[in-house]
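A short write-up of the structure that comes next.
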Amino acid sequence: MPEDQIFEIVKMSITALVGIFGGYQWAKNTIKINISQTQITKLQNSIDVNTKQITSQITELNNTIKMIIKSSSQS
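Just so you know, we're using UniProt numbering here: the sequence shown kicks off at 1 and counts up by one.
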């Protein structure tokens, strides 16, 4: 095999490896972004649930305070 052909084969192999590695890096970064987006969504949902629970507890506390004020003013 002439040197030129060997050089071309090596060059094509290196180009293919660089392309595969680039594709792998891109896929890895894309998956990381998707996971991060999923984690952000879960965190937002968790915050929403916690906020609803806190709001509910504050409402209960307000109602309890109103009842205490009513009962103390009646006696």
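All C-beta atoms, glycine included, are put in the ideal place defined by N, C-alpha and C.
Alpha-carbon to alpha-carbon, residue j and residue i
i, j, result
"Ser-71", "Glu-60", "16 Å"
"Pro-2", "Gly-19", "26 Å"
"Ile-54", "Ile-35", "28 Å"
"Lys-11", "Phe-21", "15 Å"
"Gln-74", "Thr-64", "15 Å"
Other residues of its chain near residue i: CB distance less than 8 Å, five sequence neighbours each side excluded
i, result
"Gln-39", "none"
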